[in-house]
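For the sequence shown, my numbering assigns the number 32 to the initial residue and increments by one for each residue that follows.
We treat Cβ as the ideally placed atom computed from N, Cα and C, and that holds for glycine.
Just so we're clear, the structure is a prediction, and the values are computed from it rather than from any experiment.
This report concerns only the one structure given below.
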Amino acid sequence: MTKTSTSLDWVTTLVSYDTTSRFSNLELIDVMRQALVALDLDPVLVPNADGTKANLFVTIPAHDGSMTGGVMLAGHTDTVPVDGQKWDSDPFVAEIRGDRLYGRGTADMKAFSGVILSMLPEFLGRRLSAPLHLAFTYDEEVGCHGAVTLLKELASRGISPDICFVGEPTSMRPVSAHKSSYLYRVSVTGLASHSSNTPNGVNAIEYAARAIALIRQIADQHRLEGPFDTSFEVPYTTANVGMIDGGVAVNTVADRCEFEFEFRTIPGVDPTGVIGAITDFVLGDLRAAMREENAAADIRIDAIGAVPSLSADGTGAALHLAQALTGSSAEDAVGYATEAGLFQLAGIDTAVCGPGSIRQGHTANEYVELAQIQACEEFMLALAEHLSAD
């Protein structure tokens with residue numbers, strides 16, 4: 032890529048790397064790093080524990096050399112799998128058809144990152160009144176693990192942006208609130224036996240079912256009794272059991288079962304209260320009942336992802352600036368979770384605003400409208416002018 036590469040050039044390049052969360056993102060990160068170095072910037076890699084993935088962070092300092100405060104633009108580099116989806120074209124070869132650009136990650140969210148990289152000369156050509164920070168993370172789709180690592184690195188360097196824009200697909204409408212996302216895995220260990228002798232076994236599937244029934248009961252309680260926040264399309268806290276696996280045969284008492292569930296709280300609902308009700312039952316009454324049948328039986332809960340909600344109460348400056356840059360008075364609330372909740376929790380005033388629609392994210396034939404890329408370019412140009420000291 033060159034210093035004059037267009038947004039479409041960049042998005043096409045980014046899409047060509049299969050950065051599904053189960054794979055490394057290092058090749059993609061290196062392409063981005065080289066482009067930043069070519070612009071005389073000094074990017075920093077923040078790797079994961081085993082060095083297979085990395086965040087990329089860079090600061091364009093203010094004209095007085097200041098490196099803290101200012102605005103951070105944040106986007107994740109990983110995507111969801113294409114497994115089992117029927118695409119009309121290669122998902123890793125970006126293709127324009129009509130007024131849309133198709134490819135995995137075009138909406139969620141490589142278009143935003145591509146626009147940032149193409150528009151950097153607009154910022155570098157100005158004397159900035161405050162620094163501009165760029166953050167490209169790993170593993171957002173599987174728990175926002177990269178953002179957690181990034182925030183630790185920023186804290187160690189004494190860098191604290193005043194404002195952050197997370198460029199998830201919002202159709203370039205400012206988003207001031209989103210729900211949380213907490214993911215858990217429940218592992219049940221029973222005791223196998225022939226199904227003609229069920230008292231000799233401990234049925235892991237049946238005990239998993241009891242836990243699942245409680246999760247549904249808690250979800251129904253929130254649906255019926257609230258609390259409610261009508262700014263959301265689904266105005267209450269939700270829960271979902273999305274995966275389950277167990278047993279070996281219908282005539283064998285299942286000695287194992289594993290399932291994964293999530294819950295999404297609206298801002299203001301304490302997530303520890305929700306998971307606390309589940310863990311108290313599972314690790315208390317349910318485990319005790321299993322061990323009455325056999326002392327070796329067990330059940331455990333492991334957290335696999337924790338993304339806090341984004342509260343509109345803490346998005347004032349970011350929201351107002353996003354509204355000014357887009358010319359939109361929107362202050363939407365969305366049901367999905369983003370890294371914005373983590374950035375807000377770290378004390379950074381954060382809003383979500385990016386090209387494309389979440390309705391296209393994660394789908395077969397994912398696309399972003401070309402007009403959305405242009406709107407994002409206009410957003411970046413307006414931000415460059417806003418930060419200009421001249």
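Close-in-space but distant-in-sequence residues of the same chain around residue i (CB under 7 Å, 5 per side omitted)
| i | result |
| --- | --- |
| T43 | A125 |
| A395 | Q116, K117 and W118 |
| S388 | A138, P200 and S202 |
| H351 | none |
| R322 | A328 |
| A242 | V217, V313 and L317 |
| T296 | K210, S211, T268, P302, V305 and S340 |
| Y48 | E58 and L59 |
| W41 | M32, G145, L148 and S149 |
| G257 | Y267 |
| I246 | A270, V272, F292 and I309 |
| D170 | S52, K84, D109, H176 and G177 |
| A406 | M203 and P386 |
| G307 | none |
Endpoints, the beta strand (DSSP E) within which residue i is located
| i | result |
| --- | --- |
| Y398 | Y398 to E400 |
| R128 | E126 to R128 |
| T133 | Per the sequence shown, the amino acid found at residue 133 is Tyr instead of Thr. Per DSSP, Y133 belongs to the beta strand (DSSP E) from R131 to Y133. |
| A166 | L163 to T168 |
Beta-carbon gap between residue i and residue j smaller than 8 Å
| i | j | result |
| --- | --- | --- |
| A208 | S342 | yes |
| S211 | A368 | yes |
| E289 | N271 | no |
| P423 | G106 | Missing from the structure shown is residue 423; the chain here goes from 32 to 421 and no further. |
| L87 | R64 | yes |
| L222 | A327 | yes |
| T220 | D329 | yes |
| V233 | K141 | no |
| L155 | I91 | yes |
| Y238 | G336 | no |
| A320 | A285 | no |
| D195 | M98 | Rather than Asp, the amino acid found at residue 195 in this sequence is Cys. Result no, Cβ atoms of C195 and M98 do not sit closer than 8 Å. |
| L418 | L163 | yes |
| F143 | G392 | no |
| R287 | G277 | yes |
Same chain, Cβ closer than 8 Å to residue i, five either side skipped, listed in chain order
| i | result |
| --- | --- |
| T37 | S149 |
| A420 | A93, H94, R157, R158, L159 and S160 |
| L70 | K34, L151, P152 and L155 |
| D130 | E400, L401 and A402 |
| A348 | D193, I194 and D380 |
Same chain, Cβ closer than 6 Å to residue i, five either side skipped, listed in chain order
| i | result |
| --- | --- |
| T33 | Reliability fails at T33, whose pLDDT of 48 lies under 50, so the model's placement of it is uncertain and the value that follows must be treated cautiously. Hits under 6 Å: none found. |
| T24 | The requested residue 24 is not part of the displayed model; the chain covers only 32 to 421. |
| A371 | V197, L341, T381 and V383 |
| E184 | V77 |
| L356 | F410, A413 and L414 |
| V300 | T268 |
| T35 | Legend: pLDDT at T35 = 48, less than 50; position of this residue unreliable, value from coordinates given subsequently. Hits under 6 Å: none found. |
| A178 | T168, E370 and L373 |
| N282 | S226 |
| G100 | A161 and D193 |
| L462 | Given a span of 32 to 421 for the chain in the structure shown, any question on residue 462 remains unanswerable. |
| V206 | D363, V365 and V383 |
| R331 | S218 |
Cβ distance (whole Å) where residue i is taken to contact residue j below 8 Å
| i | j | result |
| --- | --- | --- |
| D363 | R204 | 6 Å |
| G378 | S191 | 7 Å |
| R216 | D311 | No, R216 and D311 are not in contact; Cβ-Cβ is about 18 Å, not under 8 Å. |
| G404 | I309 | Per the sequence presented here, residue 404 reads as Ile, with Gly not at that position. Wrong, their Cβ atoms sit about 42 Å apart, outside the cutoff. |
| T180 | N79 | 7 Å |
| G366 | F263 | 6 Å |
| V424 | E408 | Nothing about residue 424 can be reported from this structure: the residues present for the chain run from 32 to 421 only. |
| V89 | D73 | 7 Å |
Limits of the alpha helix (DSSP H) - the one that residue i falls within
| i | result |
| --- | --- |
| A142 | A142 to L155 |
| V42 | S38 to V46 |
| T180 | H176 to R188 |
Any C-beta of chain C under 8 Å from that of residue i
| i | result |
| --- | --- |
| L159 | Chain labels in this structure do not include chain C; a single protein chain is all it has. |
Exercise for the section: Just list the beta strand (DSSP E) runs in the region 262-306, keeping only unbroken ones of 3 residues or longer that don't cross its boundaries, in chain order. Expected result: 269-277 and 287-295
Exercise for the section: Could you tell me which uninterrupted beta strand (DSSP E) segments, each at least 3 residues in length, are contained entirely in the region 312-397, listed from first to last along the chain? Expected result: If only complete runs of 3 or more residues are kept, the region 312-397 shows the beta strand (DSSP E) at 329-338, 363-365 and 380-383, in order along the chain.
Problem - 4 or more residues per run - each alpha helix (DSSP H) lying fully within the region 56-124 - result: For the region 56-124, whole alpha helix (DSSP H) runs of length 4 or above, ordered along the chain, are 57-69.
Handout entry: Unbroken stretches of the beta strand (DSSP E), 3 residues or longer, contained in the region 195-276
Key = 206-209 and 212-220
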